[in-house]
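Q:
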Amino acid sequence: MNRKLEKIKNFRLHLLTQIEGLTTQQLNQIPQGFNNNVIWNLGHVVAAMQNICYVKAGLPVAIDDKYFTPFLPGTRPEKFIDEPEIKIIKELSIASVDRLQSDLDKNLFSNYTSPPAILKVYGFEVPNIEEAFDYVLRHEGFHQGYIHALKRML
């Protein structure tokens with residue numbers, strides 16, 4: 014497995030361990046002063062990786078749109094996510110990394126181009142898929158911190 018993807022997968026496995034034991038209600042709860050919840054953050058890291066790796070390479074996302082569009086930047090939890098969908102989001106957090114590795118092995122990211130929105134908003138370049146993996150790791154670290162803050166408020 015690509016070393017950076019292995020780090021992403023290990024990071025997500027750790028994140029799943031950190032939220033283990035939280036109830037469906039707790040995963041959906043938006044504490045006062047926050048604008049999202051734990052399960053939205055987990056869905057967001059899955060969607061963000063799809064966006065930065067697949068969409069920016071001109072490829073279709075590798076997950077169902079109902080686990081992509083509602084979790085994109087600028088969104089917030091719109092509905093209560095029930096236990097079966099929570100299970101799917103948790104599974105996608107790992108399966109999507111494995112799929113990305115498989116697609117990388119197939120050389121599907123040869124047309125990757127630097128996404129202008131990232132250059133403008135975050136101030137750094139993402140000119141190729143390897144740099145996209147670096148972005149994903151930084152982004153997921155940010156959201157892990159956010160999840161920890163949310164957990165303290167539950």
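Add 13 to the 1-based position in the sequence shown for the numbering used here, that's all there is to it. Note that the Cβ used here is the ideal one computed from N, Cα and C, for glycine as well.
Tell me whether the segment 62–73 and the segment 88–104 touch, counting them as touching only if at least three CB pairs, one residue from each stretch, are closer than 8 Å.
A: No, the segment 62–73 is not in contact with the segment 88–104.
Q: Just curious, the alpha helix (DSSP H) that Ser-109 is in, first and last residue?
A: In the sequence shown, the residue the question calls residue 109 occupies position 96. Looking at the DSSP string, the run of the alpha helix (DSSP H) that includes Ser-109 is 96–118.
Q: Tell me which residue opens and which closes the alpha helix (DSSP H) that Arg-25 is part of.
A: Locating residue 25 in the sequence shown gives position 12, where the first residue counts as 1. Element bounds for Arg-25: 16–32.
Q: Taking the alpha-carbon positions, what's the Leu-40 to Val-139 distance?
A: As a first step, residue 40 is located in the sequence shown; it is residue number 27 there, counting from the start. As a first step, residue 139 is located in the sequence shown; it is residue number 126 there, counting from the start. Answer to the nearest angstrom: the Cα atoms are 32 Å apart.
Q: Within this structure, are the beta carbons of Tyr-148 and Asn-54 separated by less than 7 Å?
A: Stepping through the sequence shown from its first residue, residue 148 is reached at position 135. Stepping through the sequence shown from its first residue, residue 54 is reached at position 41. In this structure, Asn-54 does not lie closer than 7 Å to Tyr-148 by Cβ.
Q: Please classify His-56 as buried or exposed, where buried requires at least 16 other C-beta atoms within 10 Å of its C-beta.
A: Here residue 56 is taken as the residue at index 43 of the sequence shown, counted from 1. Note that residue 56 is Gly in the sequence shown here, rather than His. Classification of Gly-56: buried, given that the 10 Å Cβ count is 16 or more.
Q: Quick one: what does DSSP say Asn-41 is sitting in, helix, strand or coil?
A: Reading the sequence shown from its first residue, position 28 is the one you call residue 41. Three-state DSSP puts Asn-41 in a helix.
Q: Measuring only the C-alpha atoms, how far is Asp-77 from Arg-25?
A: Counted from its first residue, the sequence shown places residue 77 at position 64. Counted from its first residue, the sequence shown places residue 25 at position 12. Taking the straight line joining both Cα atoms gives about 19 Å.
Q: For His-27, which of Ser-115, Glu-153 and Ala-162 has the nearest alpha-carbon?
A: In the sequence shown, counting from the first residue as 1, residue 27 sits at position 14. When each option's Cα is compared against that of His-27, the closest is Glu-153.
Q: Between Asp-116 and Met-14, what straight-line distance do the alpha-carbon atoms span, to the nearest angstrom?
A: Here residue 116 is taken as the residue at index 103 of the sequence shown, counted from 1. Here residue 14 is taken as the residue at index 1 of the sequence shown, counted from 1. Going from the Cα of Asp-116 to the Cα of Met-14 covers about 12 Å.
Q: Is Pro-90 helix, strand or coil when you go by DSSP?
A: Position 77 of the sequence shown holds residue 90. Pro-90 falls in the coil class under three-state DSSP.
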